[in-house]
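At position 575 of the sequence shown (counting the first as 1) the number is 695 in this note's numbering, and the numbers step up by one without a gap. Glycine is no exception: its CB is placed at the ideal position from the N, C-alpha and C atoms. As the structure is a prediction and not an experimental result, all values here were calculated from the model.
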Amino acid sequence: MAVVGDDAMIGQLVHDRYRITGFIARGGMASVFTAQDTRLDREVAVKIMHHGLGDTDQFTERFQREAKSAARLNHHNVVAVFDQGSDGPITYLVMELVPGRTLREVMRHESPMPTLRALDLVEQVLIALVAAHDAGIVHRDIKPENVLITPDGDVKVADFGLARAVSSATTATGKTLIGTVSYLAPEVVVNAGTDARSDVYSVGAMLYEMLTGLKPHHAESPIQVAYKHVHEDIGPPSAQRPGLPDYVDALVARATSRDRDRRSADARVLLQQLRQVQRALRDGLEDDPELAADLRPTPVTPSTSDAGAEVDTAPVAGRAGSADDGADTEVVAGAGADVGMSTMVLGGATAMTPAPGPTPQDAAPAPPEPPRRPAPTPAPGPEPQGNDRQTSRRGRVLLILALLLTLLAGLGGWYFGIGRYESTPSLVNMTEQQAQTAAEKAGYTFTVDSRDFSETVPLGSVISTSPGPGDRILPGDRIQAVVSKGPERYKVPDLRGQTPEAAEAILEETKLKLGDQNEAFDQDVPEGQIIGVDGVAVGDQVKRDTAIDVVVSKGREPLEVQDFTGQTREAATSGLQDIGFTVTAQEEFSDSVPAGTVIRQDPASGTKLRGDAITIVVSKGPDVVQVPDVEGMRKNEAQSTLEAAGLQVQVLFGNGNFEVRAQTPSPGSTVKRGSTVQILGIN
């Protein structure tokens, strides 16, 4: 397949399977299209990598890694990946097509967002990242464009193209670091490695923008924005939006700390902290100093060991475009082994930033300094006397006091930061009663926060707790649990007699979907109505969103009529019944058709519906009678007897009411009805 532009891709068939039907968006690495999967007859999204972007083999490998990483995540908050491959020079990825809008589009209309609205959306993002972090995957490119919101309000995280297994090296020589400048974690900028805390920083930066309507950092160029992430803290949202509670500022500060050791450890920890903030907001707390203190990152004494991670903040040579325009700029930073020069490619322009080192003015050798005379050694003097000794003693006391105060401050900081906390016991997989008993025995209160379905945790057992097992908790605090409702199952309803449209509505109400609609003829169910379900039975318990296949009636089946005239009654009846008709038989005499043979059939040709009646007329043979014996009878009596038998009478001899002496044909013989019998007699 030849490589073509975005518009020209419409109508193209990728890999003889995916028919491109529309354009969705174009990003820094790829364009996304709607497509029809011709094999499975469903709509999908197809991401096609830009041709000629950097090292083609490297980016192709990255696409393949995206498919493998995302395929490991089977979660309702993660966009599903269906397929990946190459078609000539085109490398593509096939994903679930999610209807709705991106978070960026929502933010354009709603920012600054109501606080709870922003936190509820971020909560679902974190739930998706919990699944990723638990699987050892870091997203590395969390941004509003990668958060999709369905019309029902469900949130799905897309584009795990930057995701990499935590176990693999992320800063090896020659590797590539890619991200979006407004949400880039400091350690990514300085090539200090990437882990789950990098996603935490991006989520915090995104939350700041949702709350304030402003990006965390602004500068002349995207490169300078990236460096601000390294050198400047993201300020409190309340500075831009007065009235936000102190604990909301503290949550953002914890997530966006430049020192990743002071951030939330991963998405699960940040999710627990965010839920504490949600509860405080729903309780109507304007401020909560204790919660804010718990959330706010503790100060860290600067260390000279961090100097090596700093990046020069000198002005960047060449502007690659503003970082504050509508769409964020993706940054592709070469991660070399040394930090001598950082090269950042932004929208095709390259800007070079010198790393810390000698300036041009320092390049020339400086003239040698004149030799200095050694300072004279002071002559020994008398030992301190009187006030001097008191001053020395006072200094020592002050030094001891200062050391004691420092020690007390350190102990206080340790106690209030860590020492007063205990480790949350593990209640997961316990029954609700067992978990409550264990929590109360350990000195905590236990409440059920919600009840959710689970495929792995039995009904009535604990799925998760907040705080989680091993997390810090204060003595006497409350442990909130999510208790399992068991596997999420729904009963297959009886759809017989429903139209497919009505069945779809019924299934949607029961959390199921309408699957394939197979057609079949049916004698009882009218055309267009459902005969029954296929592959399952009515009343079966199935998983949520299971597609239920149905059989739709085409009505009664039309059949071709076959003519059985001239065949025996048995053969005609059996043949018509085998075709699918019912048979009505009539009989009549026939002088020409043997008895038991079909004289005629109605209808004898054409098309009738299965179950319709076909009439056959069967011969009884000729109509014959037995000649009565009328000899010895008087003429009038004999004539009446013969006519009653269906015969005609001819008198050969005799007058008046004579006595019959002879008859022809003879008595007892068989003749056709209506035949003439001759009689004769004497007066």
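Checklist entry - What's the C-alpha gap between M129 and Y303? => result By 1-based counting over the sequence shown, the position of residue 129 is 9. By 1-based counting over the sequence shown, the position of residue 303 is 183. Going from the Cα of M129 to the Cα of Y303 covers about 31 Å.
Item to check | Local conformation of Q746 per DSSP, three classes | outcome: By 1-based counting over the sequence shown, the position of residue 746 is 626. If DSSP states are grouped into helix, strand and coil, Q746 belongs with the strands.
Next on the checklist: I'd like to check one pair, E216 with A190: are the Cβ atoms closer than 8 Å?
Outcome noted: Taking the first residue of the sequence shown as 1, we reach residue 190 at position 70. Taking the first residue of the sequence shown as 1, we reach residue 216 at position 96. Going by C-beta atoms, A190 is not nearer than 8 Å to E216.
Checklist entry - Which class does L696 belong to by DSSP, given the choice of helix, strand or coil? => result Indexing the sequence shown from 1 puts residue 696 at position 576. Three-state DSSP puts L696 in a helix.
Checklist entry - Is there contact here, the stretch 615-629 with the stretch 572-579, by at least three beta-carbon pairs under 8 Å? => result no
Next on the checklist: Check whether the stretch 667-674 and the stretch 695-715 are in contact - that is, three or more C-beta pairs closer than 8 Å.
Outcome noted: no
Checklist entry - Considering Q649, what are the terminal residues of the alpha helix (DSSP H) in which it resides? => result Indexing the sequence shown from 1 puts residue 649 at position 529. Looking at the DSSP string, Q649 is not in any alpha helix (DSSP H), and its letter there is neither H nor E.
Checklist entry - What residues match up with E628 in a beta bridge as DSSP calls it? => result One-based indexing of the sequence shown puts residue 628 at position 508. DSSP lists no partner for E628.
Next on the checklist: Let me check one thing: in DSSP terms, what residues is M169 bridge-paired to?
Outcome noted: Within the sequence shown, numbered from 1, the residue matching residue 169 stands at position 49. In the DSSP output, where bridge partners are listed per residue, M169 has A150.
Checklist entry - Does the Cβ-Cβ distance between D665 and K631 come in under 8 Å? => result By 1-based counting over the sequence shown, the position of residue 665 is 545. By 1-based counting over the sequence shown, the position of residue 631 is 511. Cβ atoms of D665 and K631: closer than 8 Å.
Item to check | Spatial neighbours of L394 in its chain, beta-carbon cut-off 8 Å, leaving aside the 5 residues before and after | outcome: Along the sequence shown, one-based indexing puts residue 394 at 274. Counting only Cβ-Cβ distances below 8 Å, and skipping sequence neighbours, we find L239, V242, E243, L246 and L371.
Checklist entry - Where do the N-terminal and C-terminal ends of the beta strand (DSSP E) with A312 fall, by residue? => result On the sequence shown, residue 312 is found 192 positions in, with the first residue counted as 1. Where A312 is concerned, there is no enclosing beta strand (DSSP E), given that its DSSP letter is neither H nor E.
Item to check | Residue nearest to E225 in terms of C-alpha spacing, selected from G333, S384 and Q398 | outcome: Residue numbering aside, residue 225 sits at position 105 when the sequence shown is read from its first letter. Checking every option, the nearest Cα to that of E225 belongs to G333.
Checklist entry - Which first and last residues belong to the alpha helix (DSSP H) in which L767 is found? => result Along the sequence shown, read from residue 1 onward, the residue named residue 767 stands at position 647. Unbroken run through L767: none, as it is neither H nor E.
Next on the checklist: What does DSSP give as the partner residue(s) for V738 in the beta ladder?
Outcome noted: By 1-based counting over the sequence shown, the position of residue 738 is 618. Answer is E707 and V718.
Item to check | Coarse secondary structure for G142, derived from DSSP in three states | outcome: The residue you call residue 142 lines up with position 22 of the sequence shown. DSSP places G142 in strand when its eight states are reduced to three.
Next on the checklist: According to DSSP, is F280 part of a helix, a strand, or is it coil?
Outcome noted: Taking the sequence shown and counting its residues from 1, the one referred to as residue 280 is at position 160. Correct three-state label for F280: helix.
Item to check | Of the residues G147, R146 and E163, the one placed nearest T154, counting alpha carbons only | outcome: Within the sequence shown, the letter at position 34 stands for residue 154. Here the closest residue by C-alpha is E163.
Checklist entry - By how many angstroms is the C-alpha of I719 removed from the C-alpha of G752? => result Taking the first residue of the sequence shown as 1, we reach residue 752 at position 632. Taking the first residue of the sequence shown as 1, we reach residue 719 at position 599. G752 and I719: Cα-Cα distance of roughly 43 Å.
Item to check | Identity of the residue in G774, L772, G355 and Q746 nearest T761 by Cα | outcome: For this step, residue 761 is matched to residue 641 along the sequence shown. Comparing Cα positions, the closest option is Q746.
Item to check | Nearest-angstrom Cα separation, counted from S725 out to D127 | outcome: Along the sequence shown, read from residue 1 onward, the residue named residue 127 stands at position 7. Along the sequence shown, read from residue 1 onward, the residue named residue 725 stands at position 605. Their backbone Cα atoms lie some 58 Å apart in a straight line.
Next on the checklist: Less than 8 Å between the C-beta atoms of G716 and R754, yes or no?
Outcome noted: Looking up residue 716 in the sequence shown gives position 596. Looking up residue 754 in the sequence shown gives position 634. Against a cut-off of 8 Å, the Cβ pair of R754 and G716 comes out as no contact.
Checklist entry - Starting from A373 and walking both ways along the alpha helix (DSSP H), at which residues does that stretch end? => result The residue labelled residue 373 in the question sits at position 253 within the sequence shown. It spans D366 to A375 - the alpha helix (DSSP H) in which A373 sits, taken as one unbroken run.
Next on the checklist: Helix, strand or coil for P832? Go by DSSP, reduced to three states.
Outcome noted: With the chain represented from 121 up to 803, any question about residue 832 goes unanswered, as that position is not in the structure.
Item to check | Boundaries of the alpha helix (DSSP H) in which K348 is found, first to last residue | outcome: As a working mapping, residue 348 is identified with position 228 in the sequence shown. Start and end: P342 to H351.
Next on the checklist: Relative to the C-alpha of V548, which candidate in T704, A559 and Y541 has its C-alpha closest?
Outcome noted: As a working note, residue 548 is residue 428 in the sequence shown. Closest by alpha carbon: A559.
Checklist entry - Any idea which residues DSSP pairs M215 with across the strands? => result On the sequence shown, position 95 is the one that residue 215 refers to. Note: M215 sits in a beta bridge opposite A165 and V201.
Checklist entry - Over what stretch of residues does the alpha helix (DSSP H) that includes R402 continue unbroken? => result Within the sequence shown, numbered from 1, the residue matching residue 402 stands at position 282. Where R402 is concerned, the enclosing alpha helix (DSSP H) stretches over A387 to R402.
Next on the checklist: For A375, tell me which candidate among P336, E181 and R399 has the shortest Cα-Cα distance.
Outcome noted: Residue 375 sits at position 255 when you count from the first residue of the sequence shown. When each option's Cα is compared against that of A375, the closest is P336.
Checklist entry - Do the CB positions of I799 and L767 come within less than 8 Å of each other? => result Counting from one through the sequence shown, the residue named residue 799 turns up at place 679. Counting from one through the sequence shown, the residue named residue 767 turns up at place 647. No, these two residues do not count as a Cβ contact at 8 Å.
Checklist entry - Taking the continuous beta strand (DSSP E) assigned at N729, which residues delimit it? => result Here residue 729 corresponds to residue number 609 of the sequence shown, with the count starting at 1. Per the sequence shown, the amino acid found at residue 729 is Leu instead of Asn. From DSSP, the beta strand (DSSP E) with L729 extends over T727 to L729.
Next on the checklist: Can you look up K755 in the DSSP assignment and give me helix, strand or coil?
Outcome noted: Your numbering for residue 755 matches position 635 in the sequence shown. DSSP places K755 in helix when its eight states are reduced to three.
Next on the checklist: Would K605 and R571 be called neighbours here (beta carbons separated by less than 8 Å)?
Outcome noted: As a first step, residue 605 must be located in the sequence shown, where it is residue number 485. As a first step, residue 571 must be located in the sequence shown, where it is residue number 451. Closer than 8 Å, so yes.
Item to check | Alpha-carbon spacing of N266 relative to V198, whole angstroms | outcome: On the sequence shown, residue 266 is found 146 positions in, with the first residue counted as 1. On the sequence shown, residue 198 is found 78 positions in, with the first residue counted as 1. Going from the Cα of N266 to the Cα of V198 covers about 10 Å.
Item to check | Distance between beta carbons of A187 and L213, contact taken as under 8 Å | outcome: Counted from its first residue, the sequence shown places residue 213 at position 93. Counted from its first residue, the sequence shown places residue 187 at position 67. About 6 Å; that satisfies the 8 Å criterion.
Checklist entry - Cα separation between E677 and L615? => result The residue labelled residue 677 in the question sits at position 557 within the sequence shown. The residue labelled residue 615 in the question sits at position 495 within the sequence shown. If I take the Cα positions, the gap works out to 22 Å.
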